[in-house]
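So the structure is just underneath, and the comments pick up after that.
Number of protein chains: 2
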Amino acid sequence: MDAPATDRPTNFCDACAIRNRAICGDLDNREIGLLNDIGRRRRLEAGEQLLWEGDEAILVANVIEGVLKLSTQTADGKEQILGLVYPSDFLGRPFGQTTPYGVEALTEAHVCVFERRDFDRFAREHPRLEHKLLERTLAELDRTRRWMLLLGRMNAEQKLATFLIEMVDRLEDKSCALNGLEGPQAVSLPLSRQQIADVLGLTIETVSRQLTKLKKDGLIDLPARREVIILDADELAMRAG
Amino acid sequence: MDAPATDRPTNFCDACAIRNRAICGDLDNREIGLLNDIGRRRRLEAGEQLLWEGDEAILVANVIEGVLKLSTQTADGKEQILGLVYPSDFLGRPFGQTTPYGVEALTEAHVCVFERRDFDRFAREHPRLEHKLLERTLAELDRTRRWMLLLGRMNAEQKLATFLIEMVDRLEDKSCALNGLEGPQAVSLPLSRQQIADVLGLTIETVSRQLTKLKKDGLIDLPARREVIILDADELAMRAG
DNA sequence: CGGCAAATTGATACTTCTCAAACATCGTGG
DNA sequence: CCACGATGTTTGAGAAGTATCAATTTGCCG
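Chain order of the listed sequences is C and H. Okay, so the first sequence: first residue is 1 according to full-length UniProt numbering, each after it adds one. Okay, so the second sequence: first residue is 1 according to full-length UniProt numbering, each after it adds one.
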């Protein structure tokens, strides 16, 4: 094999797993090349922090692989997870001065990061990208507002049921033979019990008790700490309210 | 006075109070003219509903005057207010199929409404407008996420204190002689006690009790149902956490 | 196998909700 | 102008739900 011309870096985008699902999806090859030039790949360990709340907003990123959390805390240190970010999602605060929340990898993760200034300039010059970003931001705002209903008006059981349904939706292990159209579905949670509590605005004990209750009631099974099997999706949806 | 040429409708934008603060702020006169052609003014009574949750998303609007609420409810009818919308704010779900929340005027209000399809087309053809809309949507997402911390992790006193500080920030009656740099500040709430409860994820009784407590503690005064005077903003900020 | 962190379980306290009643405010019509 | 009813608000008592604190138990990883 001949070595490629080395006067420009490799275009990672060509082989990018999320090439067509991320906000870059509408760009042509020339534009992708330009974007590739200002971005770089970065690998994060589970638990590694990418952005700190309140810091200057220097980075934005596309998630290529893994799950990350966006979170903030009260003055007295109680944490609230503001959102989970999955492959092909965009992350960070373009056109902003400070990062309004911390970003931490929940699993090993791969992201495609950009200096915010570079990204902002590129976006302003490429309306198709800005449009994609707008559509995503609007969708994220809708999702976030729906979560406000959960935080403000649901009880613990409704919160857990809603959470499990959402996780199945997002993470459903499509390779798993268990998952027929009906019948049990398995999920590997990327979150600890404490993190589930921080998503739902509950304590770890309440999360544990509610999961135990759902198990006793036969709606789910808990074969391992981070494994959940949905046995009765209909009843679970009922309890989600 | 001569009648104006009547081959095109009056351009309301010329006299628009929020002309420079709304998303139209970056448009030139020609573009404003085009936008004016697809929009129309509408007056809403307090309590009048503009959009219903789940309906087809047919309208978007700029708020010219008044305050409106965005809200949703649980299956069993408990309401959660998702946000308040003030003059110069944008409202509705562009590029979407359905309206994800109800919109109702809290006070008499004036809005500048567009058919969503018209607006979507106009926005796609005018990247400066789309950029403004993106910046607003990003800011609104930040604000909404901050509210999640309140809903998920604050107790009733912190919620009320945070709410009052936010309302002063937004509504501070600048014409009122009371408002020096320090000292008491007066606010006329556009919300009933029930609506405050629906913003904070509490019951009306808890809101009432917490307000009474803040009054007894000398942090606020409640001269009328919808009037609040902040007597000790520092201590209020302390209790907001 | 042992040590450690995470999760569960239990007992109790506290906050908030629920239901009920009294009270205040506002607008209306006498 | 005041009485009246309607609506919104405050207050009270008790119940329910969740948090807190403490003690185990479980599962994971070296």
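Where a beta carbon is used, it is the ideal one built from N, C-alpha and C, also for glycine.
Inset, instruction - Measure the Cβ-Cβ separation of C:Pro-94 and C:Ala-123 and say whether it is below 8 Å. - result: For the purposes of this step, residue 94 of chain C is identified with residue 94 of the first sequence, where counting begins at 1. For the purposes of this step, residue 123 of chain C is identified with residue 123 of the first sequence, where counting begins at 1. Their beta carbons are under 8 Å apart, which means C:Pro-94 touches C:Ala-123 by this criterion.
**Prompt:** Thinking C-alpha only, which one of C:Glu-235, C:Gly-54 and C:Ala-186 is nearest residue 245 of chain C?
**Reply:** Any question about residue 245 of chain C goes unanswered here, given that chain C covers just 1 to 241.
- Query: What are the residues that DSSP puts in a beta bridge with C:Gly-92?
  - Reply: Here residue 92 of chain C corresponds to residue number 92 of the first sequence, with the count starting at 1. Under DSSP, C:Gly-92 shares a beta bridge with C:Val-60.
Under DSSP, the beta strand (DSSP E) around H:Ile-81 begins and ends at which residues? Residue mapping note: residue 81 of chain H aligns to position 81 of the second sequence, counting from 1. Note, H:Ile-81: beta strand (DSSP E), 79–85.
Which of helix, strand or coil DSSP assigns to C:Val-228
For this step, residue 228 of chain C is matched to residue 228 along the first sequence. Strand.
* Given that a residue counts as buried once 16 or more other Cβ atoms are within 10 Å of its Cβ, and exposed if not, what is C:Lys-69? -> What you label residue 69 of chain C is simply residue 69 of the first sequence in a count that begins at 1. That one is buried.
- Compare the beta carbon distance of C:Thr-74 and C:Tyr-101 with 8 Å and say whether it is the shorter of the two. For the purposes of this step, residue 74 of chain C is identified with residue 74 of the first sequence, where counting begins at 1. For the purposes of this step, residue 101 of chain C is identified with residue 101 of the first sequence, where counting begins at 1. No Cβ-Cβ contact shorter than 8 Å links C:Thr-74 with C:Tyr-101.
Report task. Taking H:Leu-50 and H:Leu-44 to be in contact with their CB atoms under 8 Å, please state how far apart those CB atoms are, rounded to whole angstroms. Result -> Locating residue 50 of chain H in the second sequence gives position 50, where the first residue counts as 1. Locating residue 44 of chain H in the second sequence gives position 44, where the first residue counts as 1. In this structure H:Leu-50 is in contact with H:Leu-44, their Cβ atoms being roughly 6 Å apart against a cut-off of 8 Å.
Note to self: If the criterion is Cβ atoms closer than 8 Å, does the pair C:Leu-151 and H:Leu-151 meet it?
What the structure shows: Working through the first sequence from its first residue, we reach residue 151 of chain C at position 151. Working through the second sequence from its first residue, we reach residue 151 of chain H at position 151. The answer is yes: Cβ separation under 8 Å.
Under 8 Å between beta-carbons, which chain C residues line up against H:Phe-122? List them in chain order, please. Counting from one through the second sequence, the residue named residue 122 of chain H turns up at place 122. For H:Phe-122, no chain C residue has a Cβ inside 8 Å of its Cβ, as the nearest lies near 13 Å away.
Can you give the Cα-Cα distance for C:Asp-221 and C:Ala-233, rounded to whole angstroms? On the first sequence, position 221 is the one that residue 221 of chain C refers to. On the first sequence, position 233 is the one that residue 233 of chain C refers to. If you draw a straight line from the Cα of C:Asp-221 to the Cα of C:Ala-233, it is about 12 Å long.
Which residues, taken in chain order from the region 83–101 of chain H, show a beta carbon closer than 9 Å to some beta carbon of chain C?
Within the region 83–101 of chain H, the qualifying residues are Gly-83, Arg-93, Pro-94, Phe-95, Gly-96, Pro-100 and Tyr-101.
* Does the distance from the CB of H:Val-111 to the CB of H:Arg-42 come in under 8 Å? -> Within the second sequence, numbered from 1, the residue matching residue 111 of chain H stands at position 111. Within the second sequence, numbered from 1, the residue matching residue 42 of chain H stands at position 42. Against a cut-off of 8 Å, the Cβ pair of H:Arg-42 and H:Val-111 comes out as a contact.
Q) Any idea which residues DSSP pairs residue 242 of chain C with across the strands? A) Any answer about residue 242 of chain C is impossible in this case: the structure gives chain C only from 1 up to 241.
How many angstroms separate the CA atom of C:Gly-21 from the CA atom of C:Lys-132? As a working note, residue 21 of chain C is residue 21 in the first sequence. As a working note, residue 132 of chain C is residue 132 in the first sequence. It is Arg, not Gly, that sits at residue 21 of chain C in the sequence shown. Note on geometry: alpha-carbon atoms of C:Arg-21 and C:Lys-132 lie some 10 Å from one another.
Determine which residues of the region 219–232 of chain H have a Cβ less than 9 Å from any Cβ of chain C, and write them out in chain order. Going along the region 219–232 of chain H in chain order, one finds no residue with a Cβ nearer than 9 Å to chain C.
request  = Taking only the alpha-carbon atoms, compute the straight-line gap between H:Val-228 and H:Ile-165 and give it to the nearest angstrom.
outcome  = Position 228 of the second sequence, counting from 1, holds the residue named residue 228 of chain H. Position 165 of the second sequence, counting from 1, holds the residue named residue 165 of chain H. Distance between the alpha carbons of H:Val-228 and H:Ile-165 is about 11 Å.
Next item on the list: Label H:Asp-37 either buried or exposed according to how many other C-beta atoms from any shown protein chain fall within 10 Å of its C-beta, with 16 as the threshold for buried.
Entry: As a position in the second sequence, residue 37 of chain H is number 37, starting the count at 1. Of the other Cβ atoms in all chains shown, fewer than 16 fall within 10 Å of the Cβ of H:Asp-37; this residue is therefore exposed.
> What residues from chain C crowd round H:Met-154, counting only those whose CB sits closer than 8 Å?
Replying inline: The residue you call residue 154 of chain H lines up with position 154 of the second sequence. Thr-74, listed in chain order.
#### Entry: Residue from H:Glu-235, H:Val-207 and H:Ala-105 with nearest C-alpha to H:Leu-160
Within the second sequence, the letter at position 160 stands for residue 160 of chain H. Taking each of H:Glu-235, H:Val-207 and H:Ala-105 in turn and checking the Cα distance to H:Leu-160, the smallest one comes out for H:Val-207.
- [ ] Please name the residue, chosen from H:Ala-237, H:Leu-231 and H:Thr-212, that lies closest to H:Arg-225 on a Cα-to-Cα basis.
- [x] Within the second sequence, the letter at position 225 stands for residue 225 of chain H. Nearest C-alpha to H:Arg-225: H:Thr-212.
Practice prompt. Mind listing the chain C neighbours of H:Gln-80? Cutoff is C-beta to C-beta under 8 Å, in chain order.
Written response: On the second sequence, position 80 is the one that residue 80 of chain H refers to. Simply Met-148, Leu-149, Gly-152 and Arg-153.
*asked:* Am I right that C:Arg-116 and C:Leu-59 are in contact with their C-beta atoms under 8 Å? What's the rounded C-beta distance?
replied: Locating residue 116 of chain C in the first sequence gives position 116, counting from the first residue. Locating residue 59 of chain C in the first sequence gives position 59, counting from the first residue. Taking 8 Å as the upper bound for CB-CB distance, C:Arg-116 and C:Leu-59 are in contact here, some 6 Å apart.
For C:Gly-25, the residue or residues it bridges with in DSSP: Position 25 of the first sequence, counted from the first residue, corresponds to residue 25 of chain C. Paired residues: none, contrary to the question.
Classify H:Glu-53 as helix, strand or coil using the three-state DSSP reduction. Here residue 53 of chain H refers to the residue found at position 53 when the second sequence is read from its first residue. Three-state result, H:Glu-53: coil.
task = Please compile the residues from chain H whose C-beta is within a distance smaller than 7 Å of the C-beta of C:Pro-127.
result = The count along the first sequence starts at 1 and reaches residue 127 of chain C at position 127. Correct list: Pro-127 and Glu-130.
_So for H:Gln-194, helix, strand or coil by DSSP?_
Stepping through the second sequence from its first residue, residue 194 of chain H is reached at position 194. Here H:Gln-194 carries a helix assignment [DSSP, helix/strand/coil].
Member of C:Ala-15, C:Cys-24 and C:Cys-16 whose CA lies at the smallest distance from the CA of C:Arg-136
Here the question's residue 136 of chain C lines up with position 136 in the first sequence. When only C-alpha atoms are compared, the closest one is C:Cys-24.
Review point. Counting only beta-carbon atoms, is H:Arg-117 nearer than 8 Å to chain C?
Key: Along the second sequence, read from residue 1 onward, the residue named residue 117 of chain H stands at position 117. No, H:Arg-117 does not count as interfacial toward chain C.
Going by CA-CA distance only, name the one from H:Gln-158, H:Leu-189, H:Arg-145 and H:Ala-156 that's closest to H:Asp-169. Counted from its first residue, the second sequence places residue 169 of chain H at position 169. The residue among H:Gln-158, H:Leu-189, H:Arg-145 and H:Ala-156 with its C-alpha nearest the C-alpha of H:Asp-169 is H:Leu-189.
Residue of H:Arg-143, H:Glu-65, H:Val-113 and H:Gly-96 minimising C-alpha distance to H:Leu-106 | The residue labelled residue 106 of chain H in the question sits at position 106 within the second sequence. Nearest C-alpha to H:Leu-106: H:Glu-65.
- Query: Secondary structure at C:Ile-18, three-state DSSP: helix, strand or coil?
  - Reply: Locating residue 18 of chain C in the first sequence gives position 18, where the first residue counts as 1. Assignment of C:Ile-18 by DSSP, reduced to helix, strand and coil, places it in the coil class.
Report the residue from C:Leu-82, C:Ser-88 and C:Asp-118 whose alpha carbon sits nearest the alpha carbon of C:Glu-104. Reading the first sequence from its first residue, position 104 is the one you call residue 104 of chain C. Put simply, of C:Leu-82, C:Ser-88 and C:Asp-118 the residue whose alpha carbon is nearest the alpha carbon of C:Glu-104 is C:Leu-82.
- [ ] Using a Cβ cut-off of 8 Å, pull out every chain H residue sitting near C:Arg-145, in sequence order please.
- [x] As a position in the first sequence, residue 145 of chain C is number 145, starting the count at 1. The answer, in chain order, is Leu-70, Thr-72, Leu-82, Gly-83, Pro-100, Tyr-101 and Thr-144.
**Which of helix, strand or coil DSSP assigns to H:Glu-104** = Here residue 104 of chain H is taken as the residue at index 104 of the second sequence, counted from 1. DSSP places H:Glu-104 in strand when its eight states are reduced to three.
Query raised in the report: For the alpha helix (DSSP H) that contains C:Ala-139, what are its first and last residues?
Result: Within the first sequence, residue 139 of chain C is the residue found at index 139, counting from 1. 127–153 is the span of the alpha helix (DSSP H), which, as asked, contains C:Ala-139.
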